[in-house]
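Shown next, in structure tokens, is the structure this report addresses.
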Amino acid sequence: MTTEPQGEPAPDEGELPGLGARLREHRLAGRLTLEAAAARAGLSPAYLSRLETGRRQPSLPVLLSLARLYGATVAGLLGEQTAAADPVVRGGEIAPGRAGGWGYRRAGVAGLAMQALRVHIPPGLQDAVVRVHAGEEWLHVIQGRLRLTLGQTGYVLEPGDSAQFDSLTPHQLAAEGSEGVELLFVHTLVQSPASELCLPVPTRPH
Numbered sequence: 341m342t343t344e345p346q347g348e349p350a351p352d353e354g355e356l357p358g359l360g361a362r363l364r365e366h367r368l369a370g371r372l373t374l375e376a377a378a379a380r381a382g383l384s385p386a387y388l389s390r391l392e393t394g395r396r397q398p399s400l401p402v403l404l405s406l407a408r409l410y411g412a413t414v415a416g417l418l419g420e421q422t423a424a425a426d427p428v429v430r431g432g433e434i435a436p437g438r439a440g441g442w443g444y445r446r447a448g449v450a451g452l453a454m455q456a457l458r459v460h461i462p463p464g465l466q467d468a469v470v471r472v473h474a475g476e477e478w479l480h481v482i483q484g485r486l487r488l489t490l491g492q493t494g495y496v497l498e499p500g501d502s503a504q505f506d507s508l509t510p511h512q513l514a515a516e517g518s519e520g521v522e523l524l525f526v527h528t529l530v531q532s533p534a535s536e537l538c539l540p541v542p543t544r545p546h
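Take 341 as the starting number for the sequence shown in the working numbering and just add one per residue.
Next up, the structure:
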């Protein structure tokens with residue numbers, strides 16, 4: 341269902357210079373027609389056209405939706421300039437984290453559409469929380485054996501094995517064996533900033 345949000349400010353009320361042009365540039369860069377982009381964002385083509393021509397200004401939820409659709413950041417769409425992040429992430433030890441005993445270390449630049457991690461899952465955490473959320477995930481086993489459960493299907497991945505899946509599929513990761521498992525983990529960052537990592541948390545399901 342496509343919508344046109346109500347109560348949007350007129351162009352002279354809080355106008356954001358250049359926003360419409362940047363929205364159009366991102367859409368064209370993604371090779372999306374106006375109709376296709378509007379459908380994916382849950383908007384009407386007419387409303388998206390008014391955003392791109394500056395006749396309307398988007399609300400924050402609409403801006404977030406478009407940023408996710410175009411693989412951009414809200415700051416980027418608003419034209420805010422930020423210092424370029426260092427593209428190189430040096431190696432280091434994986435330290436125990438706060439996510440239910442798992443250890444993790446960033447393997448990519450923070451704040452981008454994709455987040456990369458090196459993860460260590462110790463043995464004995466077979467009751468890890470099942471996760472369901474929007475986005476995609478890719479993982480690659482470096483050491484040990486991983487038990488991956490997707491929906492009702494279980495897999496055991498050996499070193500060198502990889503998996504990629506839609507995060508809306510209920511998924512669960514656990515070490516298979518007594519040595520734990522180390523993996524590379526990449527996921528798309530489409531959730532709120534409050535949910536930084538798709539990792540188990542100490543709370544167990546009731």
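For glycine and all other residues, C-beta sits at the position ideal for the given N, C-alpha and C.
For residue 519, which of 389, 418, 370, 460 has the nearest alpha-carbon?
Translated into positions along the sequence shown, residue 519 becomes position 179. Nearest of 389, 418, 370, 460 to residue 519, Cα basis: 460.
Taking the beta carbon of residue 428 as the centre, do at least 16 other beta carbons fall within 10 Å, making it buried, or is it exposed?
Here residue 428 refers to the residue found at position 88 when the sequence shown is read from its first residue. Answer is exposed; the Cβ neighbour count stays below 16.
Distance between residue 490 and residue 507 (C-alpha atoms, nearest Å):
One-based indexing of the sequence shown puts residue 507 at position 167. One-based indexing of the sequence shown puts residue 490 at position 150. Rounded to whole angstroms, residue 507 to residue 490 spans 9 angstroms at the Cα level.
Please identify the residue among 356, 411, 404 whose C-alpha is closest to the C-alpha of residue 367.
In the sequence shown, counting from the first residue as 1, residue 367 sits at position 27. Out of 356, 411, 404, 411 has the C-alpha closest to the C-alpha of residue 367.
Classify residue 504: buried if its beta carbon has 16 or more other beta carbons within 10 angstroms, exposed otherwise.
Taking the first residue of the sequence shown as position 1, residue 504 is located at position 164. Its Cβ having fewer than 16 others within 10 Å, residue 504 is exposed.
To the nearest angstrom, how far is the alpha carbon of residue 484 from that of residue 446?
Mapped onto the sequence shown, residue 484 falls at position 144. Mapped onto the sequence shown, residue 446 falls at position 106. Roughly 20 angstroms between the two C-alpha positions.
Please classify residue 414: does DSSP put it in a helix, a strand, or coil?
As a first step, residue 414 must be located in the sequence shown, where it is residue number 74. Three-state result, residue 414: helix.
Spatial neighbours of residue 392 within its chain, please: C-beta separation below 6 angstroms, excluding the five flanking residues on both sides.
Counted from its first residue, the sequence shown places residue 392 at position 52. Taken in chain order, the residues that qualify are 360, 363, 364.
Is the beta carbon of residue 481 closer than 8 angstroms to that of residue 501?
Along the sequence shown, one-based indexing puts residue 501 at 161. Along the sequence shown, one-based indexing puts residue 481 at 141. Yes. Within cutoff.
Please list the segments of the beta strand (DSSP E) lying wholly inside the segment 457–495, counting only runs of 3 or more residues, in order along the chain.
476–484, 486–490
With a Cβ-Cβ cutoff of 8 angstroms, do residue 390 and residue 409 count as a contact?
As a working mapping, residue 390 is identified with position 50 in the sequence shown. As a working mapping, residue 409 is identified with position 69 in the sequence shown. No, these two residues do not count as a Cβ contact at 8 angstroms.
If you follow the beta strand (DSSP E) that residue 443 is in, where does it begin and where does it stop?
Indexing the sequence shown from 1 puts residue 443 at position 103. Run containing residue 443: 443–446, per the beta strand (DSSP E) assignment.
Quick one: what does DSSP say residue 347 is sitting in, helix, strand or coil?
As a first step, residue 347 is located in the sequence shown; it is residue number 7 there, counting from the start. Note that residue 347 scores 44 on pLDDT, short of 50, meaning its location in the model is unreliable and no value can be drawn from it.
Per DSSP, residue 428 is paired with what?
In the sequence shown, the residue the question calls residue 428 occupies position 88. DSSP output for residue 428 lists no bridge partner at all.
According to DSSP, which residues form a beta bridge with residue 512?
Your numbering for residue 512 matches position 172 in the sequence shown. In DSSP, residue 512 forms a bridge with 489.
Compute the Euclidean distance between the alpha carbons of residue 494 and residue 450, then round it to the nearest angstrom.
Mapped onto the sequence shown, residue 494 falls at position 154. Mapped onto the sequence shown, residue 450 falls at position 110. Distance between the alpha carbons of residue 494 and residue 450: 31 angstroms.
Close beta carbons around residue 350, own chain, < 7 angstroms, minus the five adjacent residues each side:
Reading the sequence shown from its first residue, position 10 is the one you call residue 350. Unreliable positioning characterises residue 350 in this predicted model, as indicated by a pLDDT of 43, which lies under 50. The coordinate reading is nonetheless provided below. Nothing listed; no residue qualifies.
Exposed or buried, which one is residue 510 when buried takes at least 16 other CB atoms within 10 Å?
By one-based count along the sequence shown, residue 510 stands at place 170. Residue 510 is exposed by the Cβ-count criterion.
Burial state of residue 542, where buried means 16 or more other Cβ atoms lie within 10 Å
The residue you call residue 542 lines up with position 202 of the sequence shown. Its pLDDT being 38, under 50, residue 542 is placed unreliably by the model, and nothing is read from it.
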